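Here's the structure, in structure tokens; my notes come after.
Protein chains: 2
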Amino acid sequence: MVEGIRVTGVVDAVAEALRAAAIGGELEPDRPVTEAWVAARFAVARPSAKAAIEKLVGEGVLERTAHRSARVRRLDADAVRDVYRTRRRIESAAIRELAGERRRPDAAAEADAEIAAHLGGSSVDIVDPDLRFHSAIVDALGSERTSRAYRSLTEEVRQCMAQVQGRGLISVDTILAEHERMLELIAAGDGEAAVAVLAEHLGRAEERLAAVVATP
Amino acid sequence: MVEGIRVTGVVDAVAEALRAAAIGGELEPDRPVTEAWVAARFAVARPSAKAAIEKLVGEGVLERTAHRSARVRRLDADAVRDVYRTRRRIESAAIRELAGERRRPDAAAEADAEIAAHLGGSSVDIVDPDLRFHSAIVDALGSERTSRAYRSLTEEVRQCMAQVQGRGLISVDTILAEHERMLELIAAGDGEAAVAVLAEHLGRAEERLAAVVATP
DNA sequence: CTCGGTATACTTGTCTAACAATCTGGAGCT
DNA sequence: AGCTCCAGATTGTTAGACAAGTATACCGAG
Chain E
1 MVEGIRVTGV
11 VDAVAEALRA
21 AAIGGELEPD
31 RPVTEAWVAA
41 RFAVARPSAK
51 AAIEKLVGEG
61 VLERTAHRSA
71 RVRRLDADAV
81 RDVYRTRRRI
91 ESAAIRELAG
101 ERRRPDAAAE
111 ADAEIAAHLG
121 GSSVDIVDPD
131 LRFHSAIVDA
141 LGSERTSRAY
151 RSLTEEVRQC
161 MAQVQGRGLI
171 SVDTILAEHE
181 RMLELIAAGD
191 GEAAVAVLAE
201 HLGRAEERLA
211 AVVATP
Chain B
1 MVEGIRVTGV
11 VDAVAEALRA
21 AAIGGELEPD
31 RPVTEAWVAA
41 RFAVARPSAK
51 AAIEKLVGEG
61 VLERTAHRSA
71 RVRRLDADAV
81 RDVYRTRRRI
91 ESAAIRELAG
101 ERRRPDAAAE
111 ADAEIAAHLG
121 GSSVDIVDPD
131 LRFHSAIVDA
141 LGSERTSRAY
151 RSLTEEVRQC
161 MAQVQGRGLI
171 SVDTILAEHE
181 RMLELIAAGD
191 GEAAVAVLAE
201 HLGRAEERLA
211 AVVATP
């Protein structure tokens, strides 16, 4: 049995631990994740391990074909591009709506403050607050379904970051400057300009990551 | 065992049949869907029924709390609004991109032709081609993740249609006219105007459905 | 008559055990 | 060398069992 408090159940606990291992990079891609291995690793029965694996397959964290072992999905350049373009679509819509009401998302500003604390440091440390900034913009819409769609994208980004291990990142200064510019434009009601900054912001990250992912 | 060809497996077949029953309205909301009932209904073992139910819970078709029976989710006015606003966000982004390249989605025009065949008929018959029209616009982006996000929304719309049973629908003429206007504007490269038509188009449907769902 | 606590029935959660179906990789043969 | 076939490994499915939790019905007290 897995350690810790059992709020939900064995299957969810195992799924959570497995997800953390997958997006954290502890499980390298293409390594088979068999039901037996998961069962032994977390000391649960095989059906429980199976259920946890199937849950993650449903979420897209793992991939599997019939009668084959599951494996951590390896993101290629096309997948990275698709993730970032979908991010841009959702986030652009959010920005336009927020700018239309001149509504500045406070949670995004707080995430920016955390990024500012790492000025001059490594960009790896700001992956989390950066994603929190972008998620805050989307969450400001108060739309359960829009946020859910965006969340699955951020998890893929996190997994991608673990895969490239800090290569191809953009300087903290640039990220922070563009974030603040976007917030200013939203507060000023200029949605189109804010969307343009976002397109530049995400487009550059897309290019960098796609290039790095393609060259191991 | 469920009838038909087993391409994938028992669990997927049962899940598919259950999903069809849920979004088709055969399973009314709030009616408990127990594992034992599903197992008996499709002549499978309880673990298989359990897996199928959990798959649908993961997709959001069914909802369940611990140790309680699963049930078909009942959509309320807030849920309908959230679905339609999220649809608008994704579809607006798609329209802007397509209009930017003056790229007219052919599959959407084909769906419109099918709608035209029902002119003067009941709006219930065009639910499918109407959703196909909108999906075609999104699918024209060629983005796996964007399409997947939109697909889950269309399934919720379908379920909602089964729930309201044809009340509060909009005339076929109006729908078709707005569809064709959107395609024209996309081909002309006027994305903003096309988005405005879409907002009107979906906004009206949102209001109608939300009102109908709220009054049983 | 109403309220509250208990007990029971129902449902899900988890595990053990087993066998069938299928895929992979290598041994052996041509 | 290339192909075939077999054995091992892994998943797919089922059966049965017991534990754990929730909701509801029932009964007694006020």
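Protein chains in written order, with full-length UniProt numbering: chain E, 1 to 216; chain B, 1 to 216.
Backbone N, C-alpha and C fix where the C-beta goes; we use that ideal spot for every residue, glycine too.
Please read these numbers as outputs of a predicted model, since none were measured by experiment.
When secondary structure is reduced to three states using DSSP, Glu63(B) falls in the strand class. Nearest neighbour of Glu144(E) by Cα position, chosen from Ala45(B), Glu101(B), Ala79(B), turns out to be Ala79(B).
Using a C-beta cut-off of 8 Å, the segment 149-160 of chain B makes contact with the segment 70-89 of chain B, since at least three inter-stretch Cβ pairs fall below that distance. Within chain B, the residues Pro47 have their CB atoms less than 8 Å from the CB of Pro47(E), given in chain order.
Excluding its 5 nearest sequence neighbours in each direction, Leu198(B) has C-beta neighbours in its own chain below 7 Å: Arg88, Glu91, Ser92, Ile95, Met182, listed in chain order.
DSSP, read as helix, strand or coil, puts Pro29(E) in coil. Within chain B, the residues placing a beta-carbon under 7 Å from that of Ser92(E) are Ala93, ordered along the chain. Closest in alpha carbon position to Ile137(B), among Glu110(B), Glu114(B), Ala117(B), Ala116(B), is Glu110(B). For Ser143(E), the C-beta contacts it makes with chain B under 7 Å involve Asp82, Arg85, Thr86, in order along the chain. Contact fails between the segment 19-33 of chain B and the segment 100-116 of chain E, because fewer than three Cβ pairs, one in each stretch, are under 8 Å apart.
At a cut-off of 8 Å between C-beta atoms, Leu153(B) counts as an interface residue with respect to chain E.
When secondary structure is reduced to three states using DSSP, Arg71(B) falls in the strand class. The DSSP assignment places 127-139 as complete runs of the alpha helix (DSSP H) inside the segment 122-161 of chain E, in order along the chain (cut-off: 4 residues). Of the candidates Val83(B), Lys50(B), Ala116(B), Lys50(B) places its Cα closest to the Cα of His67(B). Cβ proximity to chain B below 9 Å picks out Pro47 from the segment 13-47 of chain E. The criterion of a C-beta distance shorter than 8 Å is not satisfied by Arg46(B) and Gly189(B).
Proximity to Thr146(B) across Glu178(B), Thr86(B), Thr65(B) peaks at Thr86(B), based on C-alpha coordinates. Flagged as an interface residue toward chain B: Gly58(E), by a C-beta distance shorter than 8 Å. The beta carbon of Glu184(E) does not come within 8 Å of any beta carbon belonging to chain B, so the residue lies off that interface. Look at Arg102(E) here: in three-state DSSP terms it is coil, with no helix or strand label. When rounded, the separation of the alpha-carbon atoms in Val212(B) and Val164(B) is 7 Å. Using a CB distance cut-off of 8 Å, Thr146(B) counts as an interface residue toward chain E. For Asp76(B), no alpha helix (DSSP H) encloses it, and the DSSP letter there is neither H nor E. Straight-line spacing of the CA atoms in Gly121(E) and Leu153(E) works out to 26 Å. Listed along the chain, the chain E residues whose CB falls inside 7 Å of the CB of Arg89(B) are Ile90, Ala93, Thr146. What Ala51(B) touches in chain E, judged by beta-carbon distance under 9 Å, is Lys50, Ala51, Glu54, going in chain order. A Cβ of chain E is located within less than 8 Å of the beta carbon of Ala149(B).
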